[in-house]
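Our numbering numbers the first residue of the sequence shown as 3 and each following residue consecutively. Cβ atoms here follow ideal geometry from the backbone N, Cα and C, with glycine treated the same way. Small disclaimer: the values here were computed from a predicted structure and weren't measured.
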Amino acid sequence: ARQLPGDWQHRYGYRPLLLETFVEKDRFTGTCYRAANWLHVGQTQGRGKLGPSGKQSVPIKDVWLYPLEKGFKNGLIR
């Protein structure tokens, strides 16, 4: 996570503000993310990208974020 912002800047021309990951709720608890100070921000609805029926078609996942910059919230609203 320390090297990624610089590498990303070099390759794509901008620095990412945060990292995002999805953890399958029924299989894993996210302990390693919690221990590494990631932020648990909620859960998916289990519909997937092409699930307009509203019925669960993929597993529900916990969403975790890891801020890479101190003022990441301000950067998101720009």
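For residue i, name the three-state secondary structure that DSSP assigns.
i   : result
K51 : coil
Q5  : coil
K1  : For the chain, the structure presents residues 3 to 80; residue 1 sits outside this window and is missing.
R2  : Because the chain spans 3 through 80 in this model, residue 2 falls outside it and cannot be assessed.
Start and end of the beta strand (DSSP E) containing residue i?
i    : result
G111 : Because the chain in this structure spans residues 3 to 80, residue 111 falls outside the shown range and cannot be described.
Measure the alpha-carbon distance for residue i versus residue j and round it to whole angstroms.
i   : j   : result
G8  : T23 : 20 angstroms
E71 : E26 : 26 angstroms
P69 : K75 : 9 angstroms
I79 : L19 : 11 angstroms
G48 : K63 : 7 angstroms
H42 : R29 : 16 angstroms
Y46 : R13 : One point to set straight first is that residue 46 is Thr, not Tyr, in the sequence displayed. The straight-line gap from Cα to Cα measures roughly 30 angstroms.
State the beta-bridge partners of residue i as determined by DSSP.
i   : result
F24 : V65
What are the boundary residues of the alpha helix (DSSP H) that residue i is part of?
i   : result
G15 : No alpha helix (DSSP H) holds G15; DSSP gives it neither H nor E.
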